[in-house]
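Below is one structure, written out as structure tokens; comments come after it.
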Amino acid sequence: MRIQRLIEETLLEIDSDLQVALEGLAVAELNWSPTNESNSIGFTFWHQTRAEDAWISDFAIGRQQIFERDCWAMIWKISPADTGFNYGKDQLAMFITPPISELHQYANAVRRQTLEYLQKLSEVDFDLKPDSDHPYRKGYTLGRMFGHILCELSQHLGHIRYLRGLQRGLNH
Numbered sequence: 004m005r006i007q008r009l010i011e012e013t014l015l016e017i018d019s020d021l022q023v024a025l026e027g028l029a030v031a032e033l034n035w036s037p038t039n040e041s042n043s044i045g046f047t048f049w050h051q052t053r054a055e056d057a058w059i060s061d062f063a064i065g066r067q068q069i070f071e072r073d074c075w076a077m078i079w080k081i082s083p084a085d086t087g088f089n090y091g092k093d094q095l096a097m098f099i100t101p102p103i104s105e106l107h108q109y110a111n112a113v114r115r116q117t118l119e120y121l122q123k124l125s126e127v128d129f130d131l132k133p134d135s136d137h138p139y140r141k142g143y144t145l146g147r148m149f150g151h152i153l154c155e156l157s158q159h160l161g162h163i164r165y166l167r168g169l170q171r172g173l174n175h
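Following the numbering used here, the numbering of the sequence shown begins with 4 at its first residue and continues without gaps.
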């Protein structure tokens with residue numbers, strides 16, 4: 004199996020599982036968190052999409068992020084540079100989850116870009132190290148970037164499922 008196919012299938016599996024985890028949630032459930040220092044489902048969905056957008060747009064492709072380019076930052080009144088990374092309890096308290104339908108639109112645009120970019124890569128491209136002065140991206144290859152994205156998305160999917168379970172119980 005080609006590495007591109009493995010990554011694509013994993014991303015599509017995450018998407019499918021995420022749709023099930025988000026299905027039917029009310030706004031209150033999207034915004035609920037167990038403590039004031041915990042992420043909500045809505046925040047986590049937004050953050051994971053922002054992270055993928057930043058990695059693919061900035062690091063890999065070297066262009067403006069979809070978040071800013073498609074005006075989501077302006078519509079949601081969130082700084083274009085904001086990804087939710089290292090949020091504290093005050094920032095979490097002030098975060099307003101965008102409408103879920105709009106979050107899905109943004110996430111779908113990010114995923115389309117990721118998959119289109121992925122399909123253009125050859126096997127040797129995964130060893131390329133894009134120039135980056137970002138402290139968390141120095142030395143990353145495209146292969147390591149995709150590994151990081153898959154790991155982060157899987158972790159956040161688990162967070163979302165856990166938060167849903169705390170609110171609705173098992174298998175609801």
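Think of the CB as a built atom: it goes at the ideal place given N, C-alpha and C, for glycine as much as any other residue.
Note that this is a predicted model, so its numbers are computed, not measured.
Exercise. Starting from the Cα of Y139, find the closest Cα among D130, F129 and H151 and give me that residue.
Key: Along the sequence shown, read from residue 1 onward, the residue named residue 139 stands at position 136. Residue H151 is the option with its Cα nearest to Y139.
task = Would you check if there are 3 or more beta carbon pairs closer than 8 Å linking the stretch 103–112 to the stretch 123–132?
result = no
Q.
Among Q51, L118 and P37, whose alpha-carbon lies nearest the alpha-carbon of A96?
A. Here residue 96 is taken as the residue at index 93 of the sequence shown, counted from 1. When each option's Cα is compared against that of A96, the closest is P37.
Taking the C-alpha atoms as reference points, what is the distance between W58 and Q51?
One-based indexing of the sequence shown puts residue 58 at position 55. One-based indexing of the sequence shown puts residue 51 at position 48. If you take the alpha carbons of W58 and Q51, they lie about 11 Å apart.
#### Entry: C74: first and last residue of the uninterrupted alpha helix (DSSP H) it sits in
Here residue 74 corresponds to residue number 71 of the sequence shown, with the count starting at 1. Taken as a continuous stretch (DSSP letters only), C74 belongs to no alpha helix (DSSP H), as it is neither H nor E.
Exercise for review: Assign R167 to one of two classes, buried (16 or more other C-beta atoms within 10 Å of its C-beta) or exposed (fewer than that).
Suggested key: Working through the sequence shown from its first residue, we reach residue 167 at position 164. Buried, because 16 or more other Cβ atoms sit within 10 Å of the Cβ of R167.
Check your understanding: Would you report the Cα separation of P102 and L28, rounded to the nearest angstrom?
Key -> To locate residue 102, count along the sequence shown from 1; it is residue 99. To locate residue 28, count along the sequence shown from 1; it is residue 25. If you take the alpha carbons of P102 and L28, they lie about 12 Å apart.
Quiz item: Do Q170 and E26 have their C-beta atoms within less than 7 Å of each other?
Solution: For this step, residue 170 is matched to residue 167 along the sequence shown. For this step, residue 26 is matched to residue 23 along the sequence shown. Against a cut-off of 7 Å, the Cβ pair of E26 and Q170 comes out as no contact.
Is the Cβ-Cβ distance between L160 and L14 less than 7 Å? Position 157 of the sequence shown, counting from 1, holds the residue named residue 160. Position 11 of the sequence shown, counting from 1, holds the residue named residue 14. Not in contact: L160 and L14 (Cβ atoms no closer than 7 Å).
What would DSSP say about A96, mapped onto helix, strand or coil? Residue 96 sits at position 93 when you count from the first residue of the sequence shown. Helix, per DSSP.
Worksheet item: How is the alpha helix (DSSP H) around A112 delimited, first residue to last?
Response: By 1-based counting over the sequence shown, the position of residue 112 is 109. It spans I103 to K123 - the alpha helix (DSSP H) in which A112 sits, taken as one unbroken run.
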